[in-house]
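Engineer: Let me give you the structure first, and then I'll get to my questions.
Residue numbers (our numbering), protein chains in the order written: chain A, 8 to 117; chain B, 25 to 138.
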């Protein structure tokens with residue numbers, strides 16, 4: 008899996024959009040960008056994934072740059088329940104094994 | 025709903041005893057499952073791959089005699105921490121690949137060894 012780099016922490020006001028960046032400059036052509044989050048004392052939760060097109064689901068949007076060297080996860084209206092560690096992972100399509108980096112600790116505040 | 029179930033969610037045991045953690049795939053079969061360990065304020069680290077009907081494969085530095093893995097059926101893998109010590113206290117998480125879907129994880133087991 009290609010290495011990813013994320014800021015260690017971010018703050019976001021409740022109701023505002025949370026934009027979480029991720030660098031994956033060595034991503035290979037067949038690797039997807041996956042985002043998971045881990046709320047305290049729970050297992051990782053899948054959020055979204057994409058290859059090169061922007062993606063949106065009920066949880067978030069994923070914006071991938073044209074050169075695929077970086078991406079941004081957008082939580083459009085963050086709530087307190089979105090406080091978690093967010094992991095960006097570059098991996099093969101629906102890889103059965105994932106390598107986690109240190110992630111971004113997102114703190115949503117009132 | 026959850027597709028991977030872990031039990032127990034937390035356990036406290038005395039030093040020197042063994043503790044078993046179960047990981048079940050719900051409504052699908054998993055020939056492989058994965059066990060991760062997470063120390064406080066650290067990321068998940070893969071410990072081992074559980075293979076149905078054959079031996080587990082362990083990551084470098086993980087003691088196979090201490091962390092016994094049994095994948096006796098296509099829906100159940102167990103991790104037994106043998107002769108547990110306080111340094112084994114950690115958050116243990118399993119995952120199981122559901123074909124055609126992103127990897128799903130259990131909700132983890134918090135092990136505290138006193």
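Note that the Cβ used here is the ideal one computed from N, Cα and C, for glycine as well.
This one's a predicted model, so the numbers in the text were calculated from it and none came from an experiment.
Rounding to the nearest angstrom, what Cα-Cα distance links residue 132 of chain B and residue 13 of chain A in this structure?
Structural biologist: In a straight line, the C-alpha of residue 132 of chain B is about 24 Å away from that of residue 13 of chain A.
Engineer: Quick one, are the C-beta atoms of residue 53 of chain A and residue 126 of chain B less than 7 Å apart?
Structural biologist: Their beta carbons are under 7 Å apart, which means residue 53 of chain A touches residue 126 of chain B by this criterion.
Engineer: Can you tell which of B:30, B:101, B:96 and B:42 has the C-alpha that lies nearest to the C-alpha of residue 112 of chain B?
Structural biologist: Measuring from the Cα of residue 112 of chain B, the nearest candidate turns out to be B:42.
Engineer: Relative to the alpha-carbon of residue 101 of chain A, which residue among A:68, A:43 and A:17 has its alpha-carbon at the smallest distance?
Structural biologist: Checking every option, the nearest Cα to that of residue 101 of chain A belongs to A:43.
Engineer: Cβ of residue 100 of chain A less than 7 Å from any chain B Cβ?
Structural biologist: So no, residue 100 of chain A is outside the interface.
Engineer: Go through its chain and collect everything with a Cβ distance to residue 78 of chain B's Cβ below 6 Å, but skip five positions before and after it.
Structural biologist: Cβ neighbours of residue 78 of chain B beyond the five flanking positions: none.
Engineer: Under a CB-based cut-off of 7 Å, is residue 11 of chain A close to chain B?
Structural biologist: So no, residue 11 of chain A is outside the interface.
Engineer: Could you name the residues of the same chain whose beta carbon sits closer than 8 Å to that of residue 37 of chain A, not counting the 5 residues immediately before and after it, in chain order?
Structural biologist: These residues qualify, in order along the chain: 99 and 100.
Engineer: Between which two residues does the beta strand (DSSP E) holding residue 77 of chain B run?
Structural biologist: No beta strand (DSSP E) contains residue 77 of chain B, which DSSP labels as neither H nor E.
Engineer: Across which residues does DSSP place residue 120 of chain A in a beta bridge pair?
Structural biologist: The structure shown does not extend to residue 120 of chain A, since chain A is modelled only from 8 through 117, so no value can be given for it.
Engineer: Please specify which runs of the beta strand (DSSP E), each continuous and at least 3 residues long, are wholly inside the stretch 47-91 of chain A, giving them in chain order.
Structural biologist: If we require 3 residues or more, the beta strand (DSSP E) runs fully inside the stretch 47-91 of chain A come out as 52-57, 68-71 and 77-82.
Engineer: Provide the residue span of the beta strand (DSSP E) that contains residue 114 of chain A, from first to last.
Structural biologist: Residues 111-116.
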